[in-house]
Every structure is written in C-alpha cells, then in structure tokens.
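The next block holds one structure in the form of structure tokens; read it before the comments.
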Amino acid sequence: MEHPKDGLSLQERYGHLFSRLAQLSRAPARIDESNVYEEGNSGTRKMIDALVEENLLPGSRLEGREHFAEFCEQTRAGKRGLLLAEHYSNLDLPLIFYLLEHDTGNFGGELARRLVAISGLKLNEENHLVRAYTEAFTRIVIYPSRGLASVTDPEEINRGKKINMAAMRAMDAARRNRQVIAVFPSGTRYRPGRPETKQGVREIDSYLRIFDIMILVSINGSCLRISSGDPENMLADMVFRDKIIVASSPVIECRPFRKSIVETIDSSSGVDPKQETVNRVMELLEAQHIHYEAVRAAE
Numbered sequence: 526m527e528h529p530k531d532g533l534s535l536q537e538r539y540g541h542l543f544s545r546l547a548q549l550s551r552a553p554a555r556i557d558e559s560n561v562y563e564e565g566n567s568g569t570r571k572m573i574d575a576l577v578e579e580n581l582l583p584g585s586r587l588e589g590r591e592h593f594a595e596f597c598e599q600t601r602a603g604k605r606g607l608l609l610a611e612h613y614s615n616l617d618l619p620l621i622f623y624l625l626e627h628d629t630g631n632f633g634g635e636l637a638r639r640l641v642a643i644s645g646l647k648l649n650e651e652n653h654l655v656r657a658y659t660e661a662f663t664r665i666v667i668y669p670s671r672g673l674a675s676v677t678d679p680e681e682i683n684r685g686k687k688i689n690m691a692a693m694r695a696m697d698a699a700r701r702n703r704q705v706i707a708v709f710p711s712g713t714r715y716r717p718g719r720p721e722t723k724q725g726v727r728e729i730d731s732y733l734r735i736f737d738i739m740i741l742v743s744i745n746g747s748c749l750r751i752s753s754g755d756p757e758n759m760l761a762d763m764v765f766r767d768k769i770i771v772a773s774s775p776v777i778e779c780r781p782f783r784k785s786i787v788e789t790i791d792s793s794s795g796v797d798p799k800q801e802t803v804n805r806v807m808e809l810l811e812a813q814h815i816h817y818e819a820v821r822a823a824e
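Sequential numbering from 526 applies to the sequence shown in the working numbering.
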C-alpha cells in the first residue's frame, strides 16, 4: 500500500531531522591530509538508523548470510577484507549497516563494528547537512580520481594527492587493525539512463592487489531515489518505503581472481587489464542484482 509521504524529498520529509543532525555534527568542513580518517558519530547514527527503520518494509533482509559470516570469520582471523557494493543511493551504506546489525546471526554486529567506508570528498565539503548525514559512519575520505582529473589548479591538485596518500596510509592502518574496507566500485550513484555511472572505476584494481579476500554485495530495492529534476542535489532525493534485500557473494580470493582475468588478456590487444578486472567485478554484481531482483519480485 502506498504511503502518503512516499515520493517526498529528503528535505521535505526529514528537514527537521537534518537540522538536528547539523547540531550534532562534529566532522571538519574541509579535508586535508590530517583528517581523512573520521570515526562515526554515534549521536547522528541513531537518527539515521531511525530513518532507515521507518522506511524498510517487511521482508527486508540479508541474503547469503553464510557468506557474510565466513567473511567475518576470515577477517577476524587476520585476512585483509574488502566489501565491494552496488551504489544506487546515499542510503546504501546505512542499509548495509542496519541489516547487518539487526540480523539474528552472531556475525552481523561484529562485521558492522569493523566496517570502514571509503567516502568521496564531496560528501564532506559540498553541504553541511549532507556532511552531518554522512558522518554517522566511520569512513576514510578520498579525493576521487574522476574529480581530480578535471582539476587545473596546481594547489588543488597537490591537495588531492596529499589527501589520497594520507587515505592510503589510513587504509593500511585500518587493515592492520582488522577493520573491513567498504567501497562502491562505481565511484558514484547509478543514474537510470546513464550506463556510464554503473561502470567500475579503474582504481578498484589497486584494491584487489592489496586485499586478501572480498565479497560482492548487491542491493535490491531502494528507499531513496535520485530526483530526475534535480539529480545533483542529494537533499532532493525522494524517499520511499521499500523491501530491501542486501546480498553477499561467496568469499572471493582477491589476487587469484585478478590473476585469472589478467592471464586471459592478450598483451597486444590494447585491452587495459586494470579496467578489465573492474569490469568483471561489475558484471558479477549485475548478475547478482538481477538474480535477487527476481527473488524480490516473486515474493
């Protein structure tokens, strides 16, 4: 049954919440090499969880729970773990955290506590309300390669390089602490009708080189949908109640996965092995998404 508030923007429906989030915000408005690692804000986190809970329909759940559990066990034992997830909305990360923490198994809460998200600079610096929303979760901030490629100011280029070097150091420290790194390999939210936004970024290949294991996480259903009239304004995203399935692939060994793809590429073909590896990740995520979309539709 349609809810009377379905389709309202985040600003319209939760403007009061964002005002409270802003009051509790403590994240820096400008990122440099000294503050790329940000612990989650427990005060704002409670409000984001309440927003998620209000919009999840019955039947929302984790699938592939045994894979999440195995991944949790292996990373607890010291394997360096990478979680690569689809990206449809700015509610994807909160949904992953919420469903992990509310799962009945004994792995979800632990895995959520050890999860650190890679976050783009825009989420911290463009809008103080978006920053207050984002800071609910522990993250490492990067200067995305797509954005840095378009910069012409030498000082800003230098800033971006310093931020990314510091982010790599922070990621290394997190891995040594048995934290799990969560990344959206597309680097941006998928926009319907714009297939290029679902293409994986080449830099993901570098992650596969330095991590031991990974899981691919698909997200079916969406409680937050990009506004066609104002797609760049995150607060214009439209809120809907929906049934969400967050599903995991089996645990994958990163280096053998990458090697199996690179070895099939003819060096004289002109094919970029890094991009080809990421393309395969995105193909597997898409196939997983299609499978669980059929499951969701049949229920």
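Each residue gets a CB set at the ideal place from its N, CA and C atoms; glycine is no exception. The structure displayed is predicted, hence computed values, not measured ones.
Going along the chain, which residues of its own chain have a beta-carbon closer than 8 Å to the beta-carbon of Lys768, five neighbours each way excluded?
Counting only Cβ-Cβ distances below 8 Å, and skipping sequence neighbours, we find Leu581, Leu582, Pro583, Gly584, Ser585, Gly746, Arg821 and Glu824.
Cα separation between Glu563 and Asp737?
For Glu563 and Asp737, the distance between alpha carbons rounds to 24 Å.
Which word fits Asp617, buried or exposed, when buried means at least 16 other C-beta atoms lie within 10 angstroms of its C-beta?
Buried.
Is it the case that the Cβ atoms of Met763 and Val655 are separated by a distance below 8 Å?
For Met763 and Val655, no; Cβs fall outside 8 Å.
Let me know the alpha helix (DSSP H) ranges lying completely inside the stretch 536-600, each 4 residues or longer, listed in chain order.
As far as the stretch 536-600 is concerned, its whole alpha helix (DSSP H) runs of at least 4 residues are 567-580.
Starting from Asn804, follow the beta strand (DSSP E) in both directions and report where the run begins and ends.
Note, Asn804: premise wrong, no beta strand (DSSP E); alpha helix (DSSP H) at Pro798 to Ala823.
Enumerate in chain order the residues of its own chain whose CB-to-CB distance from Arg703 is below 8 Å, with the five nearest sequence positions on each side excluded.
The residues are Thr600, Arg601, Gly603 and Arg639.
Contact check, Leu549 vs Gly568 under 8 Å by CB: the rounded distance?
Indeed they touch by this definition, with Cβ atoms about 4 Å apart.
Taking the alpha carbon of Pro720 as the point to measure from, which residue in Ser675, Ile744 and His612 has its own alpha carbon closest?
Ranking Ser675, Ile744 and His612 by Cα distance to Pro720 puts His612 first.
Where Pro710 and Glu558 are concerned, what is the direct C-alpha to C-alpha distance, given to the nearest angstrom?
Using only the alpha carbons, I get a separation of about 23 Å.
From the DSSP secondary-structure annotation, give me the bridge partner or partners of Leu608.
Note: Leu608 sits in a beta bridge opposite Ala707 and Ile740.
Which of the three DSSP states is assigned to Arg716 in this structure?
Strand.
On the DSSP bridge list, what partners appear for Asn745?
Answer by DSSP bridge pairing, in chain order: Ile770.
Please report how far the alpha carbon of Arg555 lies from the alpha carbon of Ala674, in whole angstroms.
Each residue's Cα considered, the two are about 20 Å apart.
Using a Cβ-Cβ cut-off of 8 Å (strictly less than) and excluding sequence neighbours within five positions of Arg716, which residues of its own chain qualify?
Hits under 8 Å: Thr722, Ile751 and Pro756.
Could you tell me if Ala575 is buried or exposed, where buried requires 16 or more neighbouring beta carbons within 10 angstroms of its beta carbon?
Its Cβ having fewer than 16 others within 10 Å, Ala575 is exposed.
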